[in-house]
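The letter at position 80 of the first sequence is residue 80 when you use the working numbering, and the numbering goes up by one with no holes. Here a beta-carbon is modelled for each residue, glycine too, at the ideal position from N, C-alpha and C. Working notes, beginning with the structure itself.
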Amino acid sequence: MKKQYNSTEFENKVWQILKRVPRGRVITYQALAQAIGCLQSARAVGNALHKNPWAPKVPCHRVVKSNGQIGGYRSGIRKKTALLKSEGVRVKDGKIVDFEKILYKF
DNA sequence: ACGGTGACGCTCA
DNA sequence: TTGAGCGCCACCG
Numbered sequence: 001m002k003k004q005y006n007s008t009e010f011e012n013k014v015w016q017i018l019k020r021v022p023r024g025r026v027i028t029y030q031a032l033a034q035a036i037g038c039l040q041s042a043r044a045v046g047n048a049l050h051k052n053p054w055a056p057k058v059p060c061h062r063v064v065k066s067n068g069q070i071g072g073y074r075s076g077i078r079k080k081t082a083l084l085k086s087e088g089v090r091v092k093d094g095k096i097v098d099f100e101k102i103l104y105k106f
């Protein structure tokens, strides 16, 4: 597909992995980065999601911080939380309930 | 080429 | 437990 700004294998990998996360589950930026191959690039992952050209196509709202917190969202963490709750994920004050239980593993 | 920015992570006080 | 600081990687002007 055409590169919208720059060919980034890294980003492509991010969306790809994120798309295989089932509904009602969540994944951490760290795990995502690890799946790509760079455990230290959790930040870069967030950056990729932040600028992701396929906003509604990719369930970016299923990506949370490694400590179980919601993290951030381009449209606001509130929206992210609402989406998660809509999928059956219980969120308590910006934190995932039973985080390790709904955490998706590859 | 360089510096700044960002939806992060971990350690220390 | 909470807050602040430093380090990490990738993208953009």
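For residue i, the nearest candidate out of the options (CA to CA)
i          : options        : result
residue 43 : 11, 26, 105    : 11
residue 66 : 76, 90, 37, 26 : 26
Nearest-angstrom Cα separation, counted from residue j out to residue i
i           : j          : result
residue 105 : residue 20 : 11 Å
residue 35  : residue 48 : 15 Å
residue 101 : residue 57 : 25 Å
residue 64  : residue 28 : 5 Å
Cβ-based burial, residue i [other Cβ within 10 Å; buried from 16]
i          : result
residue 59 : buried
residue 18 : buried
Cβ neighbours of residue i in the same chain (closer than 7 Å, five flanking residues each side left out)
i          : result
residue 54 : 15
residue 79 : 73
Residue range of the alpha helix (DSSP H) that includes residue i
i          : result
residue 84 : 77–86
Same chain, Cβ closer than 8 Å to residue i, five either side skipped, listed in chain order
i          : result
residue 94 : 69, 70, 77, 81
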